[in-house]
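Peer 1:
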Amino acid sequence: MNNEYLNEESAKISIQPATESDYMQWLPLWKRYQEFYRVDISDNATQNTWTRFLTPHEPIYCAVAKYEGNIIGLVHYLFHRSTWEERDYCYLEDLYVNPDVRGKQFGRQLIEYVQQQARKRHASRLYWHIP
Numbered sequence: 001m002n003n004e005y006l007n008e009e010s011a012k013i014s015i016q017p018a019t020e021s022d023y024m025q026w027l028p029l030w031k032r033y034q035e036f037y038r039v040d041i042s043d044n045a046t047q048n049t050w051t052r053f054l055t056p057h058e059p060i061y062c063a064v065a066k067y068e069g070n071i072i073g074l075v076h077y078l079f080h081r082s083t084w085e086e087r088d089y090c091y092l093e094d095l096y097v098n099p100d101v102r103g104k105q106f107g108r109q110l111i112e113y114v115q116q117q118a119r120k121r122h123a124s125r126l127y128w129h130i131p
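Printed below as a string of structure tokens:
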């Protein structure tokens, strides 16, 4: 799945599921995300999470936003069962856009990407929390 967006400045980005080759560009953004929220996630947990993103039977996903071939944003989301609904929920867990390119609606486009994925899976709810 590859989605392309045009913002008001005609900057073309693509949003797509992360692949193994994205790791070296994803990792610095993931570290900056942690710095922003003042958390320190262990290297083991980070590696485990990355492996889960690439494992087909895992219900946890990563999509990356690319601009001119560089990853400028990430979004992590997962699907889980609910005690209140028959259909799964979709939880948007992490969202980060490189500060150098903020203000161009890239974060919104990452959220819209997750909305599309939730619709495809017929999730009854999409939600996220802001600490």
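At position 5 of the sequence shown the residue is numbered 5 (full-length UniProt numbering), and the sequence of numbers has no breaks.
All C-beta atoms in this analysis are idealised placements derived from N, C-alpha and C, irrespective of residue type, glycine included.
Bear in mind the structure is a predicted one, so any value in this text is a computation, not a measurement.
Could you check whether the stretch 109 to 123 touches the stretch 26 to 39, counting it as contact only if at least three pairs of C-beta atoms, one from each stretch, sit closer than 8 Å?
Peer 2: The stretch 109 to 123 is not in contact with the stretch 26 to 39.
Peer 1: Thinking Y77 and L92 are a contact (beta carbons under 8 Å), I'd like their distance in whole angstroms, please.
Peer 2: Yes, Y77 and L92 are in contact; Cβ-Cβ is about 5 Å, under 8 Å.
Peer 1: Could you give the uninterrupted runs of the beta strand (DSSP E) lying entirely in the stretch 39 to 121, keeping only those of 3 residues or more?
Peer 2: Fully enclosed beta strand (DSSP E) runs of 3 or longer: 60 to 67, 70 to 80 and 89 to 97.
Peer 1: Using the three-state DSSP reduction, which class does S21 fall into: helix, strand or coil?
Peer 2: Three-state DSSP puts S21 in a helix.
Peer 1: To the nearest angstrom, report how far apart C90 and K12 are at their CA atoms.
Peer 2: About 27 Å.
Peer 1: Report the option in E112, Y61, Y37 and E35 whose CA atom is closest to the CA atom of T19.
Peer 2: For the residues E112, Y61, Y37 and E35, the minimum Cα distance to T19 belongs to Y61.
Peer 1: So for Y5, helix, strand or coil by DSSP?
Peer 2: The predicted model places Y5 with a pLDDT of 48, which falls under 50 and marks its position as unreliable, so this point remains unresolved.
Peer 1: Short of 8 Å in beta carbon distance, which residues of its chain neighbour W128, apart from the five on each side in sequence? Order them along the chain.
Peer 2: Closer than 8 Å at Cβ, skipping near neighbours: Y91, L92, E93 and L95.
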